[in-house]
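Engineer:
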Ligand code: SF4
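Residue numbers (the numbering used here): 22 to 193.
#1: For residue 184, I'd like the list of residues in its chain whose CB is within less than 6 Å of its CB, leaving aside the five on either flank, ordered along the chain.
#2: Buried or exposed for residue 34, please, with buried defined as at least 16 other CB atoms from any protein chain shown within 10 angstroms of its CB.
#3: Does the ligand SF4 have even one heavy atom less than 6 Å from the beta-carbon of residue 140?
#4: Alpha carbon to alpha carbon, what distance is there between residue 158 and residue 88?
#5: Quick one, which of 176, 127 and 123 has its alpha-carbon nearest residue 146's?
#6: At a threshold of 6 Å, does residue 222 count as lining the ligand SF4 (C-beta to nearest heavy atom)?
#7: By Cβ distance below 7 Å, which residues in the same chain neighbour residue 97 in space, the five residues on each side in sequence not counted?
#8: Check the DSSP bridge columns for residue 76 and list the partner residues they point to.
#9: Taking residue 168 and residue 179 to be in contact with their CB atoms under 8 Å, please state how far apart those CB atoms are, rounded to whole angstroms.
#10: Residue 28: which of 43, 107, 136 and 90 sits nearest, CA to CA?
#11: Only counting the same chain, and skipping five residues up and downstream in sequence, which positions put a Cβ closer than 6 Å to that of residue 129?
#12: For a quick check, are the C-beta atoms of residue 150 and residue 125 less than 7 Å apart?
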């Protein structure tokens, strides 16, 4: 596993963790391929279908890519050699709000590799969402990944705060 020699700043983490999120499903339709090109310099902004077929720009990112799993098909598996980084909930919530307030994105797609235990990883994601809803008063769209094996109490807490829950194996 590769570690960075100096501490990366938030924008460096966003580049790594935004690219790392590209393999998570978000219903990116082929009709928006040209729009994706428009956002090419922002690796973490993805067009998706909003209400009435409109295009919404999702800020799509991982909370962490420092996975302890080694699933052969996955870009984040622990045996791959590339930089591993984590966002703290405060750091990620603040960063997302900056992009949202600049009107560069319309919603959040949040996922994560499994760093520590499944529940520890899910708790970090949940804290990020809680900060957005309660500290920053964000009322916009949140698409949120449930990691396999997450405790029911964490799933229930997330379900109260987000718009779409995504469980691997489901179609959304
Ligand atoms: S646990 Fe998830 S993130 Fe980690 S290697 Fe497996 S599929 Fe990838």
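We put the CB at the ideal spot given by N, CA and C, even for glycine.
Structural biologist: Walking through what the data contain:
#1: Excluding its 5 nearest sequence neighbours in each direction, residue 184 has C-beta neighbours in its own chain below 6 Å: 162 and 163, listed in chain order.
#2: Buried, because 16 or more other Cβ atoms sit within 10 Å of the Cβ of residue 34.
#3: Using a cutoff of 6 Å, the CB of residue 140 does not count as near the ligand SF4, since none of the ligand's heavy atoms is closer than that.
#4: Rounded to the nearest whole angstrom, the C-alpha separation of residue 88 and residue 158 is 31 Å.
#5: Nearest C-alpha to residue 146: 176.
#6: Outside the modelled stretch of the chain, which goes from 22 to 193, sits residue 222, for which no answer is possible.
#7: Correct list, in chain order: 41, 86, 88 and 134.
#8: Answer is 70, bridged to residue 76.
#9: Not confirmed; about 11 Å, so no contact.
#10: For residue 28, the closest C-alpha among the options 43, 107, 136 and 90 is that of 107.
#11: In chain order, 80, 117 and 163 place their CB closer than 6 Å to the CB of residue 129, counting only its own chain and leaving out the 5 sequence neighbours on each side.
#12: Their beta carbons are not under 7 Å apart, which means residue 150 does not touch residue 125 by this criterion.
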